[in-house]
Amino acid sequence: MRILIAEDDFASRKAILKFLSVYGECDVTVDGMEAIDAFMMAIEEEDPYDLVCLDVMMPMMDGYQALKNIRDIEREHNVPQSEQAKVIMTTALNEEKNVKMAFDLGCTVYCAKPIDVEKLRDILNKLGLTE
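The following block contains the structure:
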């Protein structure tokens, strides 16, 4: 599995990387702009990401904007919905309006911080991303 992690907080980034690296190759970015660049490069190289973990609150471009761009890139490249990246939004913002906005933009799972690795493992299993 190919994984993109976009997280500006060092400790969170390190924890998510440590957990997800057992499931596949992970690329790490520290803001939304870097995430979009990495996502676009992967699509153009025909080696797209299977999973994207996006923090909501990041500098340069937040997770919502990054998610919108990711889904736009997939549409522009005619990626069938069944092959689109699974997107897990991670955030401390758990208000209903934030959750609704994330799903309206195309997120697959909304996960509150701090990340519970057992819950994350269950999510990966339900998404069919583990073997």
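51 is the number of the first residue of the sequence shown in my numbering; add one for each residue after it.
By construction, the Cβ of each residue, glycine as well, lies at the ideal position given by its N, Cα and C atoms.
Every value quoted in this text rests on a predicted model; they were computed, and no experiment measured them.
In the three-state DSSP reduction, Val149 falls in the helix class (H, G or I). Taking every protein chain shown into account, the CB of Phe89 has 16 or more other CB atoms within 10 angstroms, so this residue is buried.
Secondary structure at Ile165: coil, using DSSP grouped into helix, strand and coil.
Look at the stretch 71-142 and you find these whole runs of alpha helix (DSSP H), each 4 residues long or longer: 82-94 and 113-126. In summary, Ala85 is buried, with 16 or more beta-carbon neighbours lying within 10 Å of its beta-carbon over all protein chains present. When the beta-carbon positions are compared, Cys161 and Thr140 come within less than 8 angstroms of each other. Burial check for Gly82: the Cβ neighbour count within 10 Å reaches 16 or more, so the residue is buried. Judged by DSSP in its simplified three-state form, Leu54 adopts strand. Straight across, the Cα-Cα distance linking Glu146 with Tyr114 is about 14 angstroms. Segment contact: the stretch 125-142 against the stretch 100-109, three or more CB-CB distances shorter than 8 angstroms; contact assigned.
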